[in-house]
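Undergrad:
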Amino acid sequence: MPSLIGNYSLFFGLACSLIITFFSIRDLRNKENLNRIIINFTFLQLFFVILSFLGLVLSFVNSDFSNETVFNHSHTTKPLFYKISGSWGNHEGSLLLWLLVLTLFIYLFLIKTENQPKKYRILTLLFQEVIIIGFFIFLIKTSNPFNYIYPIPDEGLGLNPILQDPALAIHPPILYLGYVGTSIIFSSALAAVVQNYIGKEWAKHIKQWVFTAWVFLTLGILVGSIWAYYELGWGGFWFWDPVENVSLMPWLALTTLLHCIIVLEKRLILKSWAIILSISTFALSMGGTFLVRSGILNSVHTFANDPERGLYILIFLFTLIFLSIFIFFFFYESVKKENTQIFWISKETSILINNWFMMYFLSVVLIGTVYPIFLEVISSEKVSVGPPFYNKLIIPFLVPFLLVMSIGPKLNWIKSEMKNKLLLFLFFILSLILSIFILRKLSINFLINTILITAAFFLFFNTSKEFLNSKFKNLSQNIAHFGFSLLILSILFNNIFSSEIITNLKIGETFVSNKIEINFKSVEQIEKQNFKSIKGNFIIQDKRGKLEQFEPELRVYNQPNIVTSEAHIKTSFFSDKFITMNVVQNQEYFNIRYQIKPLMMWIWLSVILISFGGVISLVKRK
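Mind the numbering: the sequence shown is residues 0 to 621 in numbering that gives the first Met the number 0, read in order.
1. From Leu13 to Pro144, what distance separates their C-alpha atoms?
2. So the beta strand (DSSP E) Ser564 belongs to, where does it begin and stop?
3. Helix, strand or coil: which one does DSSP assign to Asn390?
4. From the DSSP secondary-structure annotation, give me the bridge partner or partners of Pro597.
5. Would you report the Cα separation of Glu200 and Lys206, rounded to the nearest angstrom?
6. Count the other CB atoms within 10 Å of the CB of Thr75; is the residue buried (16 or more) or exposed (fewer)?
7. From Ala303 to Gly92, what distance separates their C-alpha atoms?
8. Where Trp87 and Ile312 are concerned, what is the direct C-alpha to C-alpha distance, given to the nearest angstrom?
9. Quick one: is Ile128 buried, meaning 16 or more other Cβ sit within 10 Å of its Cβ, or exposed?
10. Can you round the beta-carbon distance between Leu485 and Ser571 to whole angstroms, since I take them to be within the 8 Å contact cut?
11. Please tell me whether Ile525 has its Cβ less than 9 Å away from any Cβ of chain D.
12. Could you check if Met0 is buried or exposed, using at least 16 other CB atoms within 10 Å of its CB as the buried criterion?
13. What does a CB cutoff of less than 7 Å around Gln44 pick up in its chain, not counting 5 residues either side in sequence?
14. Can you round the beta-carbon distance between Phe530 and Asn557 to whole angstroms, since I take them to be within the 8 Å contact cut?
15. Mind checking whether Phe611 and Ala479 have CB atoms under 9 Å apart?
16. When you compare each of Phe52, Leu322 and Met248 to Gly287 by their alpha carbons, which one comes out closest?
17. Would you check if there are 3 or more beta carbon pairs closer than 8 Å linking the region 586 to 596 to the region 239 to 248?
18. Excluding sequence positions up to five away, which residues of its chain have a Cβ less than 8 Å from the Cβ of Glu380?
19. Assign Tyr149 to one of three DSSP states: helix, strand, or coil.
20. Take Tyr106 and list the residues in its own chain whose beta-carbon comes closer than 7 Å to its own, dropping the five residues that flank it on each side.
21. Here's the rule I'm using: 16 or more other beta-carbon atoms within 10 Å means buried, otherwise exposed. How should Glu565 be labelled?
22. Pull the bridge partners of Arg592 from the DSSP assignment, please.
23. Touching or not, the region 203 to 223 and the region 169 to 177, by the rule of three or more beta carbon pairs under 8 Å?
24. How about Ala191 and Leu263: are their beta carbons less than 9 Å apart?
25. Taking its Cβ as the centre, do 16 or more other Cβ atoms sit within 10 Å of Tyr638, making it buried, or is it exposed?
26. Hey, Thr280 and Phe185: beta-carbon distance below 9 Å or not?
27. Helix, strand or coil, according to DSSP, for Leu608 in the structure here?
28. Tell me the rounded alpha-carbon separation between Ile391 and Ile607.
29. Count the other CB atoms, across all protein chains shown, that sit within 10 Å of the CB of Thr579; report buried if there are 16 or more and exposed otherwise.
30. Let's see if you can read the secondary structure: which residues bound the beta strand (DSSP E) around Tyr556?
31. Who are Gln524's beta bridge partners in DSSP?
32. Helix, strand or coil for Asn548 per DSSP?
33. What did DSSP end up calling Ile515 once you bin it into helix, strand or coil?
34. What is the DSSP secondary structure of Gln540, counted as helix, strand or coil?
35. Kindly indicate the opening and closing residues of the alpha helix (DSSP H) around Trp97.
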């Protein structure tokens, strides 16, 4: 019954979308207030999507294996928590969640914009409904989460074990709030272009939606990074995995757009830049959806391997991009009229320069993600693009980026002179001395590390000073920038001072080096609800004689029959100790991977600080 209700609700929701589109087009000619019927049907549209989503969740809870999605991604032995979260941990369910957020955002937009021009609201609604109708058709035609199967199986195939994690319950919803938030920005920008509404008022209005999407996208990436860190056994915060990259690209574009909107709000410049970024950010969000669901990405956490689905999204994406480009150039004359006088030494110039850097970083990530795909299509040659590629292209430009970011907030709008030149010089000298001292103390003599750490410390000292002396002025900016400076420093020291030991051990054997001893004491087998656990018992002794016990696991799941490795992580304020084990050589030996990762907690905390800066900005606006 829940599946049946959910399926019919999709069709009713699509009918509401078509009705909304019809009434919106008709209402464009009226000069009166927005027709209440449109708002009511927008709510009804949201209601049916919520009903459909609840129908899917209940189907998972009840283990209704007549539902093909439930059969493919659930099992009777799966705990209730993972039955619920598993409803969106698959291709069909994730797209239904995407549609839910789409309809929620447009309803909230109509409710929150009563003081905005009527035609601007209706046009935003129409552009958004084009996206919503496209997703309705996509769900119903290629990815219906309520397909019926007969005869009804007694058991399901189960959920991928690596997705059976508490982070799964919050990672996709938070991330989708960020992704889908870009759709409102996209629709709003096109509507503003048509209505010649691109200006300070529009910037002031749309900034809250940009901040909302940016905060959720930042937190979504953070949760995903933490989940991959402890669940996938990578032992790091970022591995340039293609699915990681497709979330990073819209974040870079959205961050650039955020700063562009701030400039547009203060001065009537960068109008074209704001529109292009609004379109690009949404295109990157949709492009990520295509890549994750097309099956062409080689990643551990893609949702689907179905070219038909990917082709639909690709065609839909190109249609939206073509539409947006056509609208932009057709109304370009009204957009380009702006005050173009920009002084080199000013806050807006510093923001513009760093926007160029951000676009360069985005281009590097885009090329590194897409190039292997095109190369394989053209020549059938498979290549892997990893950290060395990104480090070589990003690190040299990171230094001037950090320097401009350090100086920019100290400048005035329009025209400025360098403030506190002596203090800036002293901060730079102090940063240089501190970086040289740290690296020499640890016998690290790489020039690039000295330059990078100097630039990072320079940013940290300047943002700290702004944060302490601001007296709550520009609090959101200062907190976000301080968090970013702390993030850069934490990443640099994490990369420089991380250590790793990889060895194969039998039970009872000991690995000995000049710094550490790893004693593989024993294993213990434990029976759980839907898996068997093989828990290792390790005693690790450092060079100071300190003993610590670690218990990493191997889990053998019942359905599907998959073996996963569960890391044991001991977290302190300054470092993480990370150990995993895997079976090798006919289960006689275990592959042991022991890592020390400095400042991991600082990395997570710094991203939270960055997000908190955005939250403060949203609260202040309310």
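Ideal Cβ positions, reconstructed from N, Cα and C, are used throughout, including at glycine.
TA: According to the data block:
1. 15 Å
2. Val562 to Glu565
3. In the displayed model, Asn390 falls within a helix according to three-state DSSP.
4. Ser574
5. 10 Å
6. Answer is exposed; the Cβ neighbour count stays below 16.
7. Low confidence applies to Ala303: its pLDDT is 49, below 50, so where it sits in the model is not reliable enough to give any reading.
8. 19 Å
9. Just to set this straight, residue 128 is Glu in the shown sequence, not Ile. Per the 10 Å Cβ criterion, buried.
10. No, Leu485 and Ser571 are not in contact; Cβ-Cβ is about 17 Å, not under 8 Å.
11. The chain labelled as chain D is not found in the depicted structure, where only one protein chain is given.
12. exposed
13. Gly12, Cys15, Ser16, Ile19 and Thr102
14. At roughly 6 Å, the Cβ-Cβ gap stays under 8 Å, so Phe530 and Asn557 are in contact.
15. yes
16. Met248
17. no
18. Leu374
19. coil
20. Thr41, Phe42 and Leu45
21. buried
22. Ile501 and Thr579
23. yes
24. no
25. For residue 638 there is no data in the structure shown, the boundaries of the chain being 0 and 621.
26. yes
27. helix
28. Note that residue 391 is Lys in the sequence shown, not Ile. So the alpha carbons of these two residues sit roughly 28 Å apart.
29. buried
30. Glu552 to Tyr556
31. Ile533
32. Here the sequence assigns Gln to residue 548, which means Asn is not the residue at that position. Three-state DSSP puts Gln548 in a strand.
33. strand
34. strand
35. From DSSP, the alpha helix (DSSP H) with Trp97 extends over His90 to Lys111.
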